[in-house]
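Only one structure is covered here, and it is reproduced in the block below.
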Amino acid sequence: MKRSLSGIQPSGILHIGNYFGAMKQFVDLQSDYDGFYFIADYHSLTSLTSPETLRENTYNIVLDYLAIGLDPSKSTIFLQSNVPEHTELTWLLSNITPIGLLERGHSYKDKTAKGIPANTGLLTYPVLMAADILIYDSDVVPVGKDQKQHLEMTRDIAMKFNQQYGVEFFKLPEPLILDDSAIVPGTDGQKMSKSYNNTINMFVTKKKLKEQVMSIVTDSTPLEEPKNPDNNIAKLYALFNNIDKQNELKEKFLAGNFGYGHAKTELLNSILEHFAVAREKREELVKDMDYVKDVLNEGSKKARAIAIEKIQKAKEIVGLVGNIY
């Protein structure tokens, strides 16, 4: 089986943008791919400074993975920081990665443009991401559309290493993106992101979920007048409903006497229905955290065994001696 790999940062509560942009694909692929899905806790350190929050968020992601249907018997769920070979490979790759390549990263430029303080970790994020992917000989990487450039950078770094040392050592992974749901709009119309505080979170309380849905920004068109059916509510609604239901909602907007509040209620009900089973399963998993920790530990052991073999070969290629494992 080909190998699929991806990771999500524990920098906040996961949202429906994470789900449709990546997590749903993890579940859909696990029967056809050898899946490796990790919690990118090292990556989160570029912006997260609270140890308590990091620990809480880490376990929450494992709970979310299991709740949405990732099966530990089919997919390897592990913790990035439990595999130190990721950071070893990052250093090897850093020494063949041009600074200009990193400075062109859209995530780096976007965050600094918005006033988010830039540290070395934020700049070199793509190198660690490359190590995450390349150390497992990943064939495909399910990612949101916003991460496609980072995967292209991974391929550039892999080719540079292979060329510099005259080897065919690193595979060139391919992105796996669902075009119809690759970018999920947030409550303010921008890309949904924890950084923008515009998320809708599938596993918060029903009360909190309702608050998030009702906060979706709309225009001031009066209730009785027709409305533009191509609005943020309709775009989010389309993620959860078939084309017939999407058309019904559009017709209501165009007919008038249908307010944005009514549409938000229909969206809320769609979200609750879609995640009903997952929400119930997650509540049960919270009661058995020993099982959740075992899944994480066993997955990390499996991942590290593969990573150790790859880093040993990489160190030999660059001329390092004295490998002891």
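For the sequence shown, the residue numbers in our numbering are 12 to 336. C-beta atoms are modelled at their ideal positions from N, C-alpha and C, and glycine is treated no differently.
*From which residue to which residue does the alpha helix (DSSP H) around Asp167 run?*
159 to 176
_Contact test: Ser42 Cβ vs the ligand MG heavy atom, cutoff 7 angstroms_ = This structure lacks the ligand MG, and indeed carries no ligand of any kind.
*For Leu307, the nearest candidate out of Val154, Met225, His117, Asn93 (CA to CA)*: Asn93
_Check this for me: beta carbons of Ser58 and Ser22, under 8 angstroms apart or not?_
yes
*Find the nearest neighbour of Pro109 within the set Ile127, Glu99, Thr87, Leu134, judged by alpha-carbon distance.*
Leu134
*Could you give the C-beta distance for Leu100 and Leu145, rounded to a whole number, given that I count them as a contact under 8 angstroms?*
7 angstroms
*asked:* Threshold first: 3 residues or longer. Then list the beta strand (DSSP E) segments lying entirely within the segment 76 to 149, N to C.
replied: You should have 86 to 90.
*Between which two residues does the beta strand (DSSP E) carrying Leu5 extend?*
No answer is possible for residue 5: it lies beyond the span of the chain, which begins at 12 and ends at 336.
*Which first and last residues belong to the beta strand (DSSP E) in which Phe47 is found?*
45 to 50
*Among Leu81, Ile79, Pro83, Ile50, which has the Cα closest to the Cα of Glu67?*
Ile50
_Measuring alpha carbon to alpha carbon, tell me which residue in Gln41, Thr64, Leu265 is nearest Leu77._
Answer by Cα proximity: Gln41.
_Val329 to Phe47 span [Cα, whole Å]_ = 27 angstroms
*Tell me the DSSP bridge mates of Gly18?*
Phe49
_Among Tyr70, Arg14, Gly200, the one whose alpha carbon lies nearest that of Val228_ = Gly200
*Is the Cβ-Cβ distance between Ser281 and Asn252 less than 8 angstroms?*
yes
_For the beta strand (DSSP E) containing Val152, name the first residue and the last one._
151 to 153
*Would you mind sorting Asp255 into buried or exposed? The rule is 16 or more other CB atoms within 10 Å of its CB.*
Asp255 comes out exposed.
_Mapping the DSSP letters down to three states, classify Glu185 as helix, strand or coil._
strand
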